[in-house]
Structure formats: C-alpha cells, structure tokens
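Input: a single structure, listed below in structure tokens.
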Amino acid sequence: MFKTIRRYYWVTKSFLTRHNKIIVRTTGIVLSLIFIFLLFSKYIPTFKTTTRLGRVGKYTIETFPVDIQLKISSGLVGVEGSGTILPKLAKSWEVQDAGKTYVFTLDNTLSWHDGSRLTPDDITYNFKDVEIGRGDNTITYRLKEPFSPFFSAVARPILKKNKLGTGEFRMVKSVISSGVLQSLTLESETKRLVYKFYPTETSSLTAYKLGEVDQLEGLSFISNSLSQDTTNILTESNSSTNQQSVLFFNNNDAVLTSKSARQALSYAIQDKTFGKERSISPIDKSSWAYNSLVKTYDYDPEKAKSLFAQDIQDPGSQTLELKTMLQYLDIAESIATSWRETLGVKVDVKVVSSITSDYQILLTDFTSPIDPDQYTIWHSTQATNFTHFSNLKIDKLLEDGRRTSDQKLRKEIYQDFQRFLLEDCPAVFLFKSSTYSLSRKSLL
1 MFKTIRRYYW VTKSFLTRHN KIIVRTTGIV LSLIFIFLLF SKYIPTFKTT TRLGRVGKYT
61 IETFPVDIQL KISSGLVGVE GSGTILPKLA KSWEVQDAGK TYVFTLDNTL SWHDGSRLTP
121 DDITYNFKDV EIGRGDNTIT YRLKEPFSPF FSAVARPILK KNKLGTGEFR MVKSVISSGV
181 LQSLTLESET KRLVYKFYPT ETSSLTAYKL GEVDQLEGLS FISNSLSQDT TNILTESNSS
241 TNQQSVLFFN NNDAVLTSKS ARQALSYAIQ DKTFGKERSI SPIDKSSWAY NSLVKTYDYD
301 PEKAKSLFAQ DIQDPGSQTL ELKTMLQYLD IAESIATSWR ETLGVKVDVK VVSSITSDYQ
361 ILLTDFTSPI DPDQYTIWHS TQATNFTHFS NLKIDKLLED GRRTSDQKLR KEIYQDFQRF
421 LLEDCPAVFL FKSSTYSLSR KSLL
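Each residue of the sequence shown is one higher than the one before, starting from 1 at the first, in full-length UniProt numbering.
Set out below in structure tokens:
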C-alpha cells in the first residue's frame, strides 16, 4: 500500500515538473477567460422566453391597459382594496392643510430604464385647478379643497418620453395603425411579452386558432368546444375583485322614472347569481367601505306585482327593451323570462356590439374604482352618470365623501350612500364577473 502511494507521488511530481509551463499557462488562460466573461457578461445577449398574448380592446399608445402599464412603471403610490397606501415612486408622503396639501418624497434609489435618476420633474400628472411645487426630491400638490381619493389619482403609472418606466419590463416596440395600437412588445432580463390587440373576442379567438398568439386574456366567455379540449388547451377562470354584472335602468325613461317600477323589476328576477358569486352593492365587499346591510331584492313575486301595480295599470300592454352584449344573451333572456312570468310584461331582448347610452334597460359589466368614491358615476351633475339617476341625498353624501379625509367618517358616509342608493334602485347588482384565459399546453 505504501509503495503504491509513493509510486503515484513520484509519477505525479514527474508529470508536474515536466509540464509545469504548460499547466501554468493553461491555468492563466482559463482564469483570464473567466475574468473576461464576468466582466462583459452583462453585454452578452441572454436567451429570452417569448410569450405572445392576445387582448380584446381598442387602445392608443396613451391608453393601453393599466395592468400592462404597471409592468413597465409605477405611480407615486399604490392603493390596495383595503385602502392601504403603498410606497412606489414615492417612499413617503404627508397630508397637510386639512387634506388640501399632499407632499411626496421620491425614492432616490430608483432610476428609469435609460439609467437616468428619478427626479420631481419626471412626475407629470396633469390635474385641473391643482398647484404643483417641486423641490430637490419632493413634489407637492395643493388642492383648492380636500379630495380624499387623491391617492388613487397618483397611483396611475407614470411613463416618461418614449414610454420609459422604472419597472421590470421595458417597452421595446409598438405597432400603431391609424392611431390604434396593434401590438406592444415588452422585455425584461429573461422574458419577452408580445401583446396583440383585437377589436372583438371573435377576432381574438380566430387569431389564437391561427397561431398568432399563444394565450388569450380577459375573455368574457369560452365556447364549449374550447373548454372541452383539455388535451391541448388550458383554460382558467379569474374572478375580478372589482367587476360585476349589473342591470342599469335609464331613470329618465317614462316607466323607469318610477322608483316602485324599478324595485318591482328587481324583486321579479328569480336568479340573480347564475352560478356566480352574488353582488349587492356598487362597492365591492373587499372594500373597507362595503355595507352588507342593504336591500338585496331577493326574489319576491308578490311584492314585485304589488309595486309594479302602483304605476303600471295594464302590464300586458307594456313592452320593455333589454339591451346587452352577446356574451350576456342567455342571462338577459333568463331575466326577461322572469319579468314576463312574474309581472306579465312584454320584453324585447336586443344584442348590441358595445355599451350604448341609448337604452331603457342595459345588462353589462361595471368596474368599481378602488376608492369608494363614485361621484362621477352617480352624482346628478355628471355627464358620466349614464343612468340619469338624480337624488339630492346621494349627491350630498358623494360630495361629503370626497371632502372628508378621516377614513372612519368616510366609511359611515359611503355606507349611507350604499343604503340610500339601493333603496332607490337605479340599477340591479347581480353577480361578480369572471374573465377567462386560454393558453396552449404545449408551451407551458
């Protein structure tokens, strides 16, 4: 054993002595190559996985979806559904002057995709009647009167010229035709996302079948043929936290100007969930301002008939028009059947290609803002109040809610708002909406 070890020792020593120069040179070359690789590795192109995603919607380079913008950049702050404010471009903030002044201190460790440092001049929100002051590392907004949803306003992502951001992904290419965004390419260190936009769900599904995209996002429904193809296709259902399906009443309509008629139609709907999670309020239940103690209008045919008879003497001579989009046609027909059977009215269901302001009753999606402020939706002075709902009590609550910075007091205000709004019934809140996504299993 000892002789064997000695033999290996002398053989190894002899080899090292004979090839000493070669070994030293080779070691030096290897170490040099390792050093050079480490020094220049950031300049060496890395392999990026590419995913082609389809979206439905008509957008411009200024209005593409916020969830895509958030991959590129951030706002001054982030706002959670609970009302919690999160630091983003701003690392801290102060609210002064009884809610009329907001001072944000920027996170000076952040830089834009081109390497330039984040400065107050980069913060370019354009607010009407707001005085803006900029310091070395702060930006101040002075409002004429308190506006409690202001944090939501400064949560919108900020993009510099050429759509530079501070996030994980950088916009590297956009294709625009006649002002309409056709596609958008984002890249991170290891990923490439190519978003393609289509005017309708039908055209997006055609593109998917032709292989133009690998995934489709935000679909309102999936056909049975696709959902049953579990071998090649993965389908996912995503329940939105702030989107619901709602029946809106045109409160200017000769029939629907009557509160009792609107309530009657609400009570006369047999199924308000259609297999989904029930929704009863314009404010989502995940919100800190949600009020569960409101009228739910559960199916009550006798109450529905009694209320309807207060203003409609001959229901059989009355024809209602319910408009909706194709994906809600089955639900609209079910609601129409409930009204026919319970109230004895005639109901015409019409399919429209997009949301219209010319309607009597409209079944569509409603997206509630993160902040409970819904002034622009329900206040009688607003052009965006497309139900034409008018109630002085509601107007006052909405005005007070956006002027009050105390969250406890705001909660009381918005809980009253929900209670009075549901009592007047300008709309029927049905169920939480779901969206669907498709992807090819071969790419997962």
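Note that CB positions come from ideal geometry on N, CA and C, so glycine has one too.
All values reported here derive from a predicted model rather than from experimental measurement.
Below 8 Å on the Cβ atoms is my contact criterion, and I expect residue i with residue j to pass it. Report the Cβ-Cβ distance as a whole number of Å.
i      : j      : result
Ser74  : Thr140 : That pair is no contact at about 19 Å.
Ile222 : Leu438 : 7 Å
Val345 : Leu362 : At roughly 17 Å, the Cβ-Cβ gap does not stay under 8 Å, so Val345 and Leu362 are not in contact.
Leu216 : Ser203 : Not a contact, Cβ separation roughly 11 Å.
Phe386 : Leu398 : That belief does not hold up - the Cβ atoms of Phe386 and Leu398 are roughly 16 Å apart, past 8 Å.
Quick check on DSSP: helix, strand or coil for residue i?
i      : result
Gln270 : coil
Ser148 : coil
Gln263 : helix
Ala332 : helix
Ile377 : helix
Tyr414 : helix
Asn252 : coil
Trp112 : coil
Phe429 : strand
Asp365 : strand
Thr257 : coil
Glu423 : helix
Glu80  : coil
Gln318 : coil
Leu33  : helix
Gly167 : coil
Gln215 : strand
Lys408 : helix
Ser92  : strand
Gln327 : helix
Leu293 : coil
Arg25  : helix
Arg156 : coil
Go to residue i, then tell me how far its alpha helix (DSSP H) extends in each direction, as first and last residue.
i      : result
Ser304 : At residue 304 the sequence reads Ala, which differs from the Ser that was named. Taken as a continuous stretch (DSSP letters only), the alpha helix (DSSP H) holding Ala304 covers Pro301 to Ala309.
Leu193 : Unbroken run through Leu193 is the beta strand (DSSP E), Lys191 to Tyr198; no alpha helix (DSSP H).
Val66  : Val66 to Ile72
Ser203 : Glu201 to Lys209
Could you say which of the options lies nearest to residue i if we only look at CA atoms?
i      : options                           : result
Pro315 : Thr324, Ala304, Lys323 and Ser354 : Ala304
Ile355 : Phe431, Thr337, Ala268 and Val246 : Val246
Tyr375 : Tyr195, Ser148, Leu86 and Tyr436  : Ser148
Asn391 : Val213, Leu184 and Asn251         : Asn251
Tyr267 : Gly99, Phe429, Val66 and Gly133   : Phe429
Glu189 : Tyr297, Ser338, Thr49 and Gln96   : Thr49
Phe169 : Asn238, Lys272, Trp112 and Ser281 : Trp112
Leu159 : Asn291, Phe64 and Gln407          : Phe64
Ile68  : Leu53, Gln360, Asp406 and Gly81   : Leu53
Glu145 : Gln96, Leu422, Ser338 and Arg25   : Gln96
Leu343 : Gln382, Asp311, Asp371 and Ile132 : Asp311
Gly407 : Ala289, Lys272 and Asp271         : The displayed chain sequence assigns Gln, not Gly, to residue 407. When each option's Cα is compared against that of Gln407, the closest is Ala289.
Lys285 : Thr273, Thr206, Thr257 and Gln244 : Gln244
Val194 : Thr185, Glu201 and Thr200         : Thr185
Leu234 : Arg402, Arg440 and Ser177         : Arg440
Phe104 : Asp114, Gly115 and Ser92          : Ser92
Asp214 : Ala153, Arg55 and Leu422          : Arg55
Is the distance from the Cβ of residue i to the Cβ of residue j below 8 Å?
i           : j      : result
Leu118      : Asn126 : no
Phe308      : Ala336 : no
Leu86       : Val77  : yes
Ala427      : Phe150 : no
Asn242      : Ser368 : yes
Lys411      : Ser279 : no
Leu143      : Pro120 : no
Glu236      : Tyr436 : yes
Thr60       : Gly179 : yes
Asp400      : His379 : no
Ser287      : Gly81  : yes
Leu329      : Val294 : no
Val175      : Gln182 : yes
Ile370      : Val79  : yes
residue 452 : Gln382 : Here the chain covers residues 1 to 444 and nothing more, so residue 452 does not appear.
Asp114      : Leu33  : no
Identify the continuous beta strand (DSSP E) that holds residue i and give its terminal residues.
i      : result
Leu394 : Sequence check: residue 394 is Ile here, not Leu. Careful: Ile394 lies outside any beta strand (DSSP E), inside the alpha helix (DSSP H) at Leu392 to Arg403.
Ile176 : Arg170 to Ser177
Lys346 : Lys346 to Val351
Leu181 : Val180 to Glu187
Pro87  : Ile85 to Pro87
Ile139 : Thr138 to Leu143
Arg131 : Before going further, note that residue 131 is Glu rather than Arg in the sequence given. Element bounds for Glu131: Val130 to Arg134.
Arg55  : Thr49 to Val56
Any Cβ of chain C within less than 8 Å of the Cβ of residue i?
i     : result
Glu94 : Judged by its chain identifiers, the structure shown contains no chain C, having just a single protein chain.
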